[in-house]
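For the sequence shown, position 403 matches number 730 in this note's numbering, and the numbering has no gaps at all. Glycine is no exception: its CB is placed at the ideal position from the N, C-alpha and C atoms. One structure is given below, encoded as structure tokens.
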Amino acid sequence: MAFGSKVASQRHLAAIKDGMMLSIPFLIVGSIFLIIANLPIASYMNYMQTDPQGMVFKQWLTYPVTATFDMIAIISLLGISYNLAKSYNLNTIISVSLSFISFVLVTPLVHVVGDTTLIALSTKYTGSQGLFVAILISLFSVEMYRIITKKNIVIKMPESVPDAVSKSFAALIPAGIIVIILLAVKIGLEQTAFDNIHNVIATLLTEPLTKISGSFWGAIAIILFMQIMWCCGIHGAAVVWGVMLPVLNVMMDANRVAFENGQAIPNILTKEWFNVFVMIGGSGGTLGLVVLMVFFAKSTQLKEIGKLSIGAAIFNVNEPVLFGLPIVMNPVLMIPFIFGPVIVTMISYGAMYFNVVARVVTVVPFTMPVGIGGFLLTGGNISGAVLQIVNLLILTLIYYPFFKAYDKQLLNEENGITSV
328 MAFGSKVASQ RHLAAIKDGM MLSIPFLIVG SIFLIIANLP IASYMNYMQT
378 DPQGMVFKQW LTYPVTATFD MIAIISLLGI SYNLAKSYNL NTIISVSLSF
428 ISFVLVTPLV HVVGDTTLIA LSTKYTGSQG LFVAILISLF SVEMYRIITK
478 KNIVIKMPES VPDAVSKSFA ALIPAGIIVI ILLAVKIGLE QTAFDNIHNV
528 IATLLTEPLT KISGSFWGAI AIILFMQIMW CCGIHGAAVV WGVMLPVLNV
578 MMDANRVAFE NGQAIPNILT KEWFNVFVMI GGSGGTLGLV VLMVFFAKST
628 QLKEIGKLSI GAAIFNVNEP VLFGLPIVMN PVLMIPFIFG PVIVTMISYG
678 AMYFNVVARV VTVVPFTMPV GIGGFLLTGG NISGAVLQIV NLLILTLIYY
728 PFFKAYDKQL LNEENGITSV
């Protein structure tokens with residue numbers, strides 16, 4: 328518990344998690360256009376790919392996709408630097424601006440296309456491929472700004488100078504130092520085979536983490552750790568996503584690109600994969616448990632908690648169950664709460680690994696009800712909805728014997744029966 332609490336509250340991990348959450352609403356909007364442009368209907372796809380009008384229409388639909396998915400690194404950089412600066416009580420506007428300038432500085436701007444040399448910020452680096460660099464740069468620039476200002480290495484203006492002007496000059500020296508450091512890094516890397524920091528991070532960090540985290544055992548480790556944290560009263564998702572979200576977002580965007588281009592979907596795991604196919608009803612997959620409580624509970628306590636929780640559980644919110652039942656620190660319900668999600672993780676991974684179920688290609692809100700979420704997440708494929716329903720039934724069966732035992736225990740307590 329002490330370890331989990333420290334991880335969840337660690338300043339930099341919290342800034343990464345909260346900052347990257349900024350991209351979620353934009354990615355959901357982009358996903359809507361992505362699905363419309365690629366509906367899995369043969370006649371519709373043929374129209375979009377061969378008819379001149381359909382091809383123009385599809386191009387129009389891809390504009391919002393590019394403006395959202397291909398900006399995920401920039402959006403995350405802004406969110407992370409803002410949250411980290413806020414935690415230090417630094418000037419957030421200056422911190423965000425420094426991070427953005429730093430990112431542009433270390434990113435290649437010269438691109439040769441045929442016989443033309445372009446000076447531009449490529450979406451190759453502003454999208455998921457630049458995500459890890461965006462994270463590192465935002466943390467570095469804000470920390471450097473904090474250290475320099477803390478040591479009072481700033482230009483101070485007279486009190487008569489307007490506050491906005493004074494703050495701008497106060498950022499002059501920190502900005503200069505940060506730019507000089509990163510310029511030296513950029514020039515140094517250009518003399519190596521890596522050429523730029525993006526290639527360094529891709530080689531040393533992104534590719535190895537993606538291979539490990541995207542594996543079957545990676546999926547099991549993620550869900551098992553998350554569930555154990557919840558059982559200890561720690562927000563398991565907050566701990567895990569703070570570490571894993573960058574990797575999973577890179578995998579998600581690779582799937583999106585493949586889906587747009589009509590290629591095989593490369594990855595199984597994404598953050599939304601866990602939300603939709605494993606956490607049905609919230610962490611622990613408790614929707615089935617809530618249904619059992621509403622319709623089959625004999626104890627007043629479980630019956631009433633079930634009635635209060637069913638509305639939220641349909642939309643995958645289950646804090647009333649976690650802390651009101653409770654599941655946290657409950658030796659009876661902790662067992663299915665941990666191992667139920669592990670089992671459906673194995674089933675879901677296997678179903679997609681063997682191509683029985685379509686893989687994840689979009690982003691949807693975690694509050695999507697069963698059936699709808701799976702259908703949309705797989706790009707409008709009915710197999711996603713079927714898998715969700717199957718997983719719900721499996722989770723319900725897993726919870727049933729433990730629910731019966733706990734319900735009997737509470738009923739005896741309500742009736743004043745003392746177990747021997």
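Proximity to residue i [Cα-Cα], best of the options
| i | options | result |
| --- | --- | --- |
| phenylalanine 467 | Lys494, Pro535, Leu499 and Val512 | Val512 |
| methionine 578 | Gly454, Pro647, Ile725 and Met382 | Gly454 |
| serine 350 | Asp397, Gln337 and Trp387 | Asp397 |
| serine 414 | Ser422, Ala369, Arg338 and Tyr726 | Arg338 |
| isoleucine 549 | Asn526, Pro663 and Val574 | Val574 |
| alanine 581 | Thr537, Val621 and Glu740 | Thr537 |
| asparagine 343 | Phe664, Val717, Asn576 and Val527 | Note that residue 343 is isoleucine in the sequence shown here, rather than asparagine. Of the candidates Phe664, Val717, Asn576 and Val527, the one whose C-alpha sits nearest the C-alpha of isoleucine 343 is Asn576. |
| tyrosine 390 | Ala412, Phe353 and Leu417 | Phe353 |
| asparagine 602 | Tyr676, Leu425 and Gly700 | Gly700 |
| lysine 630 | Tyr733, Ala502, Ser495 and Pro501 | Tyr733 |
| glycine 677 | Lys598, Leu719, Asn523 and Phe543 | Phe543 |
| threonine 791 | Ala497, Met679, Ile359 and Thr672 | Past the edges of the chain, shown from 328 to 747, lies residue 791, and the structure says nothing about it. |
| leucine 405 | Leu448, Met347, Leu361 and Thr377 | Met347 |
| valine 452 | Ile539, Lys731, Leu532 and His525 | Reading the sequence as shown, one finds tyrosine at residue 452 and not valine. The option with the nearest alpha carbon to tyrosine 452 is His525. |
| glutamate 741 | Leu660, Gly698, Phe693 and Gln628 | Gln628 |
| glutamine 456 | Ile500, Leu532 and Phe427 | Leu532 |
| glycine 541 | Tyr680, Ile716 and Asp345 | Tyr680 |
| cysteine 559 | Asn410, Ala498, Phe427 and Leu649 | Leu649 |
Range covered by the beta strand (DSSP E) that runs through residue i
| i | result |
| --- | --- |
| histidine 339 | Premise fails: histidine 339 lies in the alpha helix (DSSP H), 338-348, not in any beta strand (DSSP E). |
| valine 437 | 437-440 |
Residue i - containing alpha helix (DSSP H), residue span
| i | result |
| --- | --- |
| isoleucine 446 | Looking at the DSSP string, isoleucine 446 is not in any alpha helix (DSSP H); the run it does join, the beta strand (DSSP E), is 443-446. |
| serine 408 | 399-414 |
| glycine 569 | 563-587 |
| asparagine 526 | 524-528 |
| phenylalanine 622 | 614-623 |
| proline 501 | 499-517 |
| lysine 451 | 450-453 |
| alanine 461 | 458-477 |
| alanine 394 | 379-396 |
| valine 433 | 419-433 |
| valine 648 | 646-651 |
| valine 718 | Looking at the sequence itself, residue 718 is asparagine, so the reference to valine does not match. Start and end: 709-741. |
| serine 540 | 534-540 |
| threonine 627 | 627-641 |
| isoleucine 555 | 543-558 |
| proline 663 | 661-680 |
| alanine 364 | 351-364 |
Query raised in the report: Taking contact to mean at least 3 C-beta pairs separated by less than 8 Å, is the stretch 662-669 in contact with the stretch 550-559?
Result: Three or more Cβ pairs closer than 8 Å define a contact, and the stretch 662-669 meets that threshold against the stretch 550-559.
Query raised in the report: Is it true that the stretch 370-383 meets the stretch 441-456, where meeting means three or more beta-carbon pairs spaced less than 8 Å apart?
Result: Touching, no, given that fewer than three Cβ pairs across the two stretches are closer than 8 Å.
Query raised in the report: Quick check: the stretch 509-524 against the stretch 476-483, are there 3 or more CB pairs under 8 Å?
Result: Look at the beta carbons and you see the stretch 509-524 not touching the stretch 476-483: under three pairs across the two are nearer than 8 Å.
Query - Stretch pair the stretch 576-595 + the stretch 679-698: three plus CB contacts closer than 8 Å - result: Judged by pairs of C-beta atoms under 8 Å, the stretch 576-595 touches the stretch 679-698, as three or more such pairs exist.
Requested in this report: Evaluate contact between the stretch 706-714 and the stretch 620-634, counting only Cβ atoms and requiring at least three cross-stretch pairs below 8 Å.
Outcome: Segments in contact, no.
Query raised in the report: Can we say the stretch 646-657 touches the stretch 600-616, given the rule of at least three CB pairs closer than 8 Å?
Result: Verdict: yes, contact present.
Query raised in the report: Would the stretch 496-512 and the stretch 458-475 be scored as touching if the rule is three or more Cβ pairs under 8 Å?
Result: Yes, since at least three Cβ pairs between the stretch 496-512 and the stretch 458-475 fall closer than 8 Å, the two stretches touch.
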